[in-house]
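Chains S and G are the protein sequences, given in the same order.
Counting in my numbering, the first sequence runs from 1 upward without gaps.
Counting in my numbering, the second sequence runs from 1001 upward without gaps.
Please read the structure below before turning to the comments.
2 protein chains.
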Amino acid sequence: MSKKEALIDATKQLLWEKGYEATSPRDIQALSATGQGSFYHHFDGKKDLAIAALEEISREMLDIMRDNLAAKGPAQQRLESYLCKPRESLKGCRVGRLANEISMQDPQLGQPMRAYFEELTELLKHAIREAQEDGSLPAHLDAGDLATTLLAVVQGGFVLSRAQDRTDIHQSIARSMINLLFGGEAR
Amino acid sequence: MSKKEALIDATKQLLWEKGYEATSPRDIQALSATGQGSFYHHFDGKKDLAIAALEEISREMLDIMRDNLAAKGPAQQRLESYLCKPRESLKGCRVGRLANEISMQDPQLGQPMRAYFEELTELLKHAIREAQEDGSLPAHLDAGDLATTLLAVVQGGFVLSRAQDRTDIHQSIARSMINLLFGGEAR
DNA sequence: GTCTATATATTGATAGAC
DNA sequence: GTCTATCAATATATAGAC
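This is the structure in structure tokens:
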């Protein structure tokens, strides 16, 4: 693995563990076993490296999400699987975790984040429309609103997990949402 | 206003605007027009002051939430009002905004945050149970799970608002959730 | 209680050798 | 491309006068 890759890998890890502000160039160099030279040879500075790292994170996550949400099989099952996906709740979402530190504060750093959530919303919206077409979801629901809501409920689950130091939040949420979406009075 | 109060007020503001890591003692002193002396006379340091500020924030927010959720009137209306409450979405939740910076990292700082979400969950749970008793919500839903879900959807709304730089997220979410909870096929 | 001056460690970046 | 040495600015805290 090249030093450049090592720097990006270490940054990906530290952005997840500590966030942007709390991660220093020296932290990154220590974790990746590189010197100042490699750092500033390959990147303009901390921000530039963070952008590269966040872009990789976003790509990796979207690949996983696409595999799930755009797979074959019943749309209802894919949506339930999205809600029930195993998550490292206490560590937070690798992307959303950074929303309060960056985003609007810095348009460049915010761009990969915006792109991630926009594409994820689209994936969810398509699956929702499929579920409406095959009758497993009511047609009167707005697919865009519902996609945003599913995303929000998962992101909020990360926030609450960390805020309350609880590992069961996402399970509660998944049960509740699946019940509201697919469960009838009968269930 | 005493210097001590001024310090806490400034900290409350900066924690909301910039978060914990990005707020320095000097920032706080500048905003509150105080010197080093006042800062370290009244507080042990940055963390101690942040705890005091977060406790005040939590109290203020809970007072507002109690006024809404534990008010008289139909429970359904109170729950809808919680979802539709005007929010400064782009600034993030004054409490939840800090979940990724502190919480488990520091038990002391995390305590006011944990307390905030625990009490808010209870308030929501009670309102949900009332709605189930008067028939406006189905009895088969788990009130605890649903309370967590409502909280999560609002917290996630803040995350997405900032991540995508959009002001309409909470409205989409509120429409969607109210539809799922109270709207029948007819609506 | 409040202020100014000072101290130490860390941050983010640069310089220059190899 | 990579390393070590160094730097200016800032973060956080202490000292001591008033």
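All residues carry an ideal CB built from backbone N, CA and C; glycine is no exception.
All values reported here derive from a predicted model rather than from experimental measurement.
Taking P74/S as the centre and dropping the five residues before and after it, the same chain places no C-beta closer than 6 Å to its C-beta. Ranked by Cα distance from L1062/G, the first of G1157/G, E1133/G, K1004/G and A1115/G is A1115/G. By the criterion of at least three beta-carbon pairs nearer than 8 Å, the region 102 to 119 of chain S is in contact with the region 1160 to 1169 of chain G. Only buried fits E1130/G, as 16 or more other CB atoms lie within 10 angstroms of its CB. In the three-state reduction of the DSSP assignment, N68/S falls in the helix class. Each of D1009/G, R1066/G and L1054/G was checked against the Cα of E1122/G, and the nearest Cα belongs to R1066/G.
Judged by DSSP secondary structure, F1043/G falls outside any alpha helix (DSSP H); it is assigned neither H nor E. The three-state secondary structure of D168/S, taken from DSSP, is coil. For the set L120/S, G135/S and M1/S, the Cα lying nearest the Cα of Y82/S is the one of L120/S. Bounds of any alpha helix (DSSP H) do not take in G92/S, whose DSSP letter is neither H nor E.
In the three-state reduction of the DSSP assignment, K4/S falls in the helix class, which pools H, G and I.
Listed in chain order, the non-local C-beta contacts of N1179/G below 6 Å within the same chain number zero, local neighbours out to five positions each way being set aside.
Chain G places no beta carbon closer than 8 Å to that of D134/S, leaving this residue out of the contacts.
For G96/S, the closest C-alpha among the options D145/S, K3/S and I57/S is that of I57/S. For a Cβ distance threshold of 8 Å, residue set E1021 and E1101 of chain G lies close to A22/S, ordered along the chain. For the region 91 to 136 of chain S, the full-length alpha helix (DSSP H) segments reaching 4 residues or more read 107 to 133 along the chain. Three or more Cβ pairs closer than 8 Å define a contact, and the region 1084 to 1096 of chain G falls short of that threshold against the region 1027 to 1038 of chain G.
Taking all protein chains shown into account, M1/S has fewer than 16 neighbouring C-beta atoms within 10 Å of its C-beta and is therefore exposed.
Residue burial annotation: D145/S is buried, with at least 16 other C-beta atoms found within 10 angstroms of its C-beta. Excluding sequence positions up to five before and after I169/S, its CB lies within less than 7 Å of the CB of S89, G157, L160 and S161, all in the same chain and listed in chain order. DSSP places T149/S in the helix class (H, G or I) of the three-state scheme. Distance from the CA atom of Q1013/G to the CA atom of A1022/G, rounded to whole angstroms, is 13 Å. Taking a beta-carbon distance threshold of 8 Å, D1165/G counts as an interface residue toward chain S.
Residue contact with chain S for S1176/G: present (Cβ-Cβ distance below 8 Å to some residue of chain S). At a cut-off of 8 Å between C-beta atoms, I1057/G does not count as an interface residue with respect to chain S.
Here M1177/G has L1083, L1150 and V1153 as same chain residues with Cβ atoms under 8 Å from its own Cβ, once five neighbours each way along the sequence are excluded. Not flagged as an interface residue toward chain S: D1027/G, since no C-beta distance is shorter than 8 Å. By the Cβ-count criterion, A1053/G is buried, with 16 or more other Cβ atoms from all chains shown falling within 10 Å of its own Cβ. When Cβ-Cβ separations below 8 Å define contact, N68/S makes no contact with chain G.
One alpha carbon belongs to S1136/G, the other to R1094/G, and they sit about 31 Å apart.
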